[in-house]
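Enquirer:
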Amino acid sequence: MADKFNENERDLLNVLKCNQDKSDNLINKVEDINNNLDDRINATRELLKSLNIDISKYSNYSKIKNESNTNSESVLEKTWEDIVRDVNDEGYVNTGINDILTNKEQMKVYQKIDEINEQFSKATGLNSIDIKFLFFATALQCLRQYLISNDKFRFDTDKGGDNFIGKFVPRKYEDILLGSVPYDAVRKAEGYKDQNTGISGANHRYMALGHDPLLGWIFGTLNIMTNTLTKNSPLLTTYIVKAHPTTGNYTQIGESVLISEVFINGVNLAKNDYKLLAVSVIRQALHLGADAFTKMGLPIPIINTISPDLSSKLLSENFRIDVYSVSRGIMLSTLINSIISVIHGLFYDKKVDIKRDLYEVRTRKILSYSNALATSSNIIYTAITKNFTRLDVGGAVVTLYRLITDYSFISKVKYEFINEILDNELRQEIEKIDDMYNELV
421 MADKFNENER DLLNVLKCNQ DKSDNLINKV EDINNNLDDR INATRELLKS LNIDISKYSN
481 YSKIKNESNT NSESVLEKTW EDIVRDVNDE GYVNTGINDI LTNKEQMKVY QKIDEINEQF
541 SKATGLNSID IKFLFFATAL QCLRQYLISN DKFRFDTDKG GDNFIGKFVP RKYEDILLGS
601 VPYDAVRKAE GYKDQNTGIS GANHRYMALG HDPLLGWIFG TLNIMTNTLT KNSPLLTTYI
661 VKAHPTTGNY TQIGESVLIS EVFINGVNLA KNDYKLLAVS VIRQALHLGA DAFTKMGLPI
721 PIINTISPDL SSKLLSENFR IDVYSVSRGI MLSTLINSII SVIHGLFYDK KVDIKRDLYE
781 VRTRKILSYS NALATSSNII YTAITKNFTR LDVGGAVVTL YRLITDYSFI SKVKYEFINE
841 ILDNELRQEI EKIDDMYNEL V
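Numbering (the working numbering), first residue to last: 421 to 861.
#1: Under three-state DSSP, which class holds Tyr512?
#2: Report the three-state DSSP secondary structure of Val661 (helix, strand or coil).
#3: I'd like to confirm the pairing. Which residues does DSSP put opposite Phe677 in its beta bridges?
#4: Compute the Euclidean distance between the alpha carbons of Asn685 and Lys695, then round it to the nearest angstrom.
#5: Indicate the three-state DSSP secondary structure (helix, strand or coil) for Lys651 in the structure shown.
#6: For Thr658 and Thr754, what's the separation of their Cα atoms in angstroms?
#7: Does the beta-carbon of Leu560 have 16 or more other beta-carbons within 10 angstroms, so that it is buried, or is it exposed?
#8: Under three-state DSSP, which class holds Lys608?
#9: Helix, strand or coil for Tyr768, going by three-state DSSP, please let me know.
#10: Here's a check: name, in chain order, each residue in its chain whose Cβ is nearer than 7 Å to the Cβ of Met627, leaving out the five neighbours to either side.
#11: Out of Gln672, Val677, Ile461 and Asn518, point me to the one whose CA is closest to Lys613's CA.
#12: Just list the residues that DSSP pairs Tyr670 with in beta bridges.
#13: Relative to the C-alpha of Asp769, which candidate in Ser790, Asp519 and Ile549 has its C-alpha closest?
#14: Quick one: using the 10 Å Cβ neighbour count with 16 as the cut-off for buried, is Arg505 buried or exposed?
#15: Pull up the distance between the alpha-carbon of Asn456 and that of Leu433, whole angstroms please.
#16: When you compare only the Cα positions, how much space is there between Leu649 and Asp632?
#17: Under the DSSP definition of a beta bridge, which residues are partnered with Ala559?
#18: Please classify Thr783 as buried or exposed, where buried requires at least 16 neighbouring CB atoms within 10 angstroms.
#19: Give the single residue among Asn547, Arg703 and Gly674 whose Cα lies nearest to the Cα of Val772.
#20: Can you tell me the Cα-Cα spacing of Arg776 and His764, whole angstroms?
#21: Can the beta-carbon of Leu793 be found closer than 8 Å to that of Ser761?
#22: Can you check which of these residues, Ser758, His664 and Ile644, is closest to Ile702 by C-alpha distance?
#23: Contact check, Lys662 vs Ala609 under 8 Å by CB: the rounded distance?
#24: Might you give, ordered along the chain, the residues of its own chain that have their beta carbon closer than 8 Å to the beta carbon of Arg607, omitting 5 neighbours on each side?
#25: Within a Cβ cutoff of 8 Å, which residues of the same chain sit near Ile756, ignoring the five residues on either side of it in sequence?
#26: Out of Asp534, Asn448, Asn791 and Leu708, which one is the CA nearest neighbour of Leu634?
#27: Following the continuous alpha helix (DSSP H) through Leu467, name the residue where it begins and the one where it ends.
#28: Quick one: is Val601 buried, meaning 16 or more other Cβ sit within 10 Å of its Cβ, or exposed?
#29: Hey, would you say Glu538 sits closer than 8 Å to Cys438, going by beta carbons?
#30: Terminal residues of the continuous alpha helix (DSSP H) containing Thr646?
#31: Around the C-beta of Met421, are 16 or more other C-beta atoms found within 10 angstroms, so that it is buried, or is it exposed?
#32: Taking 8 Å as the cut-off, decide whether the C-beta atoms of Val435 and Ile517 are in contact.
#33: Taking the CB atoms as reference points, tell me whether Leu629 and Phe683 lie closer together than 8 Å.
#34: Within 10 angstroms of its Cβ, does Ser790 collect 16 or more other Cβ (buried), or is it exposed?
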């Protein structure tokens, strides 16, 4: 039997074991006293019989005057902490359930748990309606995966994204908020043509930290404020971005500069003009939003920082696994789960299903099973066809999340279900004991 208890449960076991031992000792003493009394009574009867005294006319029962002990309150004045401390002092510190229950009693406990588990399985097992919901939910998830691949619903270039967002931005802010960002620069300025930056149009999405969905909020905003470009490298190599002599846009990479100097410059600029910081943050948000929907996409956070090469492969045409595809998969999968959950909830009948939380266990089972089936079929399909643009990373994330959270929820409901049954049985036993006590009194 599992022997994992928290501190309160351990204290309770220690006290129970102490009381059990003391009760056993007391019972043994009472039995010894009763045996001695029986011997004395029998000896007395033999003596009276030898004296020809007839004891049959005397009553076998005696009435003892019951006098209440007014000094018994001191026993009840102990707190639970005092009792636990006294018990620990007597050597009861690491009591296990096996120390209290006999083998026969343990077998009964196992049998009882099996019975309750069977009741729980029957109460939360999927019925015919649930199974229909299961296949319906699985079908929706599969349709989502196969109809909306990772390369769908994207702009051809980041300029297309800017133009789309520009339709919804007031004209007077468009030049500020939708102008080119310095970390998009890939060409070298005059005088720096021999400089090896390692940045090109093909790799700048994962080489420039401004494009990182997480770190970009810091480095991208800083680059916009200071007209710089910071590389995804251990030393955070940073370059000053210069204006194009003809267009005036900051698109040409110049000399390198220490990242510490860039931070100091950014802080000073923000102190002198807080609006510049606000506009830079908004500009960063708009640019990330525009880039996310392009065919090239944005790299997945953390992966891009740890391994730019892996991030590059995921962004390639063979995969198209980026922030947009993953987040879109998560949102659509979650939306379908929510729809199924609401519709299945409408079929709840308290006369048939007894408790709402037990019914919700079945709802969660439907969602977990359907997500797992859809994800498994997606992985198998992708492996067979080698078409990795169909790989549903977002759906897999939701599946893992549901398996973890649903298992936790089901375990919690099961724990409450078992405790409720045991509490009811314990309450009935206590009522029986009270009835027996009242009869004796």
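C-beta atoms are modelled at their ideal positions from N, C-alpha and C, and glycine is treated no differently.
Expert: Let me lay it out:
#1: coil
#2: strand
#3: Strictly speaking, residue 677 in this sequence is Val, with Phe absent from that position. Looking at the DSSP assignment, Val677 forms a beta bridge with Thr658.
#4: 15 Å
#5: strand
#6: 40 Å
#7: buried
#8: strand
#9: coil
#10: Gly618, Ile619, Lys651, Asn652 and Pro728
#11: Gln672
#12: Ala663
#13: Ile549
#14: exposed
#15: 34 Å
#16: 13 Å
#17: Paired residue(s): none; Ala559 is not in a bridge.
#18: buried
#19: Asn547
#20: 12 Å
#21: no
#22: Ile644
#23: 5 Å
#24: Thr671, Gln672 and Ile673
#25: Ala557, Leu560, Gln561 and Arg564
#26: Leu708
#27: Glu427 to Ser470
#28: buried
#29: no
#30: Gly636 to Thr646
#31: Only weak support exists for where Met421 lies, its pLDDT of 45 falling under 50; the coordinates are left without a value.
#32: no
#33: no
#34: buried
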